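Written below as structure tokens is the structure these notes are about.
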Amino acid sequence: MSPRHDFHRLSVRELLARRADASVSAAELTEHFLGRIGDHDGALNSLISVCEERAREQAAAVDKQGSGTLAGLPILHKDIFCTQGVRTSCGSRMLDNFVAPYDADAVERLDRAGTVTLGKANMDEFAMGSSNENSFYGPVKNPWNNACVPGGSSGGSAAAVAAGLAPAATGTDTGGSIRQPAALCGVTGIKPTYGRVSRYGMIAFASSLDQGGCIARSAEDCAQVLQAMAGFDARDSTSVERDVPDYAAALTGDIAGLRIGLPKEYFAEGLQDESRRVLETAIAQLEQRGAVVVDIELPHTELALSTYYVLAPAEASSNLARFDGVRYGYRCANPVDLEDLYTRSRGEGFGREVQRRIMIGAYVLSAGYYDAYYLKAQKTRRLIANDFHAAFTDVDLIAAPVTQAPAFRLGEMVDDPVSMYLNDVYTLPASLAGIPGMSVPAGFVDGLPVGLQLLAPWFEEGRLLNAAHAFQQATDWHTQRPAGFE
């Protein structure tokens, strides 16, 4: 067992304060969290790779001459971010032997800020999933109940932070893959505006939807990590050349007069009654802090699920065409000809869910169906974005559920992909519109966490973080820890 310290109970701000006053070294923090990983990850399977040598080298460099806004902070990266010299698998057999030759922009920025990379977090294969059961390396377990899923696809990141294996972790959100696991694991996660964090070096699933973000204990922690991750990157054609505000300075906790919209479509049939009560209490607490709650409508919400599951697989089928067994990644044994090489390498290298989405994507992009499916889905996406444009002329933020219910049991939906896809029904619209969103711990149902989703207008991450911070000043849900990981 590792020596007992309270480092994993401290916030990012508190850890950085201890580093600043030299009461703890980066090496000590690193050893503590590596010890936590060694002690506890066997029960969770939240990591694919542990970077002990890299972490110790980075910590030593920080202690010797390091500086930066996050100097000495241990962190995990979702295994979708290329990390130079480290296996970057994307949770797939296809990339099990791939060692990235360069760093993703997000990794570069966090390295410059002084973070220490502890390892690479487990994830649904190529970020395709809502339960983290699609990983080649096995499912991740929810630290609140090991028989339940942590959510996906950033489930490894969320489970590790919830269990205190790292103070923070990177994640990606294509259709809810930061917000949903954050909600199911009782931690805070933010998906910034599309284009705010560079996608360079982030292995693509659906290029018009994928967005990097972070998972941590609190809004305050997320603000500090996101500050270091965000910014324009000329290497990413979708990166937005726009100044990044001081997110920490935005955390005043003052939300008096803030207008928060409640879309009736999100609180209709399908939301579990117990979860509804938790969310109603959370919204009432925002009102007590001075927010004004108003009813709104987002009329095209019901079209989001079908729209996403046309567009995302279409982009996935195109992006994943590069994995063919020729240039890098998995290659089948003893192919008899080129067709056999392609067919067996992709058939053996990709898991069932990835194959399913590639086939759907190829179908909707085919000559006979492009107009009927893909083009119509793009038009519908615009209608969904227009709903948010209209809503944000009347309200400052939107509050909604993240999921219909708390975490479900491992294996419960693995053979029912349609029911699995329904888990994303509340997170998909924001992804299609490209607006920022986050999940904030709001309570529990039968011992499992429930998250409150907050959505903001484009590039208003500061407003979003401040509202979450105000809520967390009035509640202690984000400080709760699962039994056995205290």
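Counting from 12, one number per residue, gives the positions in the sequence shown under the numbering used here.
Don't be surprised by glycine CBs; every beta carbon is placed ideally from N, CA and C.
Fair warning: this is a prediction, and the values are worked out from it, not measured in the lab.
- Between Ser-22 and Ser-250, the beta carbon gap of about 29 Å keeps them out of contact (Cβ cut-off 8 Å).
- In the three-state reduction of the DSSP assignment, Phe-18 falls in the helix class, which pools H, G and I.
- Excluding sequence positions up to five before and after Arg-420, its CB lies within less than 6 Å of the CB of Ala-158 and Cys-159, all in the same chain and listed in chain order.
- For Gly-272 and Ala-193, the gap between their C-alpha atoms comes out near 22 Å.
- Taking C-alpha positions only, Phe-109 is separated from Val-127 by approximately 22 Å.
- Relative to Ala-378, the option among Arg-393, Thr-354 and Ala-325 whose CA is nearest is Ala-325.
- Per the C-alpha coordinates, the member of His-311, Asp-382 and Pro-346 positioned closest to Val-436 is His-311.
- DSSP lists Ile-201 and Leu-465 as the beta-bridge partner residues of Met-449.
- With respect to the 8 Å criterion, Pro-203 and Leu-84 are not classified as neighbours on the basis of their beta carbons.
- The Cβ atoms of Gln-464 and Gly-448 sit closer than 8 Å to each other.
- Put simply, the backbone Cα of Tyr-432 is about 21 Å away from that of Asn-330.
- By the criterion of a C-beta distance shorter than 6 Å, Ala-169 is surrounded in its chain by Pro-161, Pro-192, Ala-193, Cys-196, Val-198 and Ile-226, once the five residues flanking it on both sides are discounted.
- It is roughly 38 Å from the alpha-carbon of Ile-395 to the alpha-carbon of Leu-176.
- DSSP places Cys-196 outside any beta strand (DSSP E); the residue lies instead in the alpha helix (DSSP H), whose first and last residues are 190-196.
- Within the same chain, Ser-250 and Glu-252 come within 6 Å of Phe-243 by CB-CB distance, once the 5 residues on both sides are set aside.
- Note: Lys-89 is bridge-paired with Ala-132 in the DSSP secondary-structure output.
- Here Leu-349 is exposed: its Cβ has fewer than 16 other Cβ atoms, across all protein chains shown, within 10 Å.
- Burial state of Gly-264 is exposed, judged by a 10 Å Cβ sphere holding fewer than 16 other Cβ atoms.
- Comparing alpha carbon positions, the residue from Phe-482, Gly-372 and Tyr-384 closest to Gln-296 is Phe-482.
- With three or more CB-CB distances shorter than 8 Å, the segment 475-490 counts as touching the segment 287-306.
- The beta-bridge partner set that DSSP reports for Arg-270 consists of Val-303.
- Ser-57 and Val-151 do touch by the CB rule: their CB atoms are close to 5 Å apart, below 8 Å.
- If you check the CB distance, Met-105 and Gly-360 come in under 8 Å.
- If you check the CB distance, Asp-116 and Gly-212 come in under 8 Å.
- Our two residues, Asp-32 and Ala-279, have alpha carbons roughly 51 Å apart in a direct line.
- Put simply, the backbone Cα of Arg-342 is about 20 Å away from that of Met-370.
- Contact annotation: Thr-183 and Ser-165 have beta-carbon atoms nearer than 8 Å.
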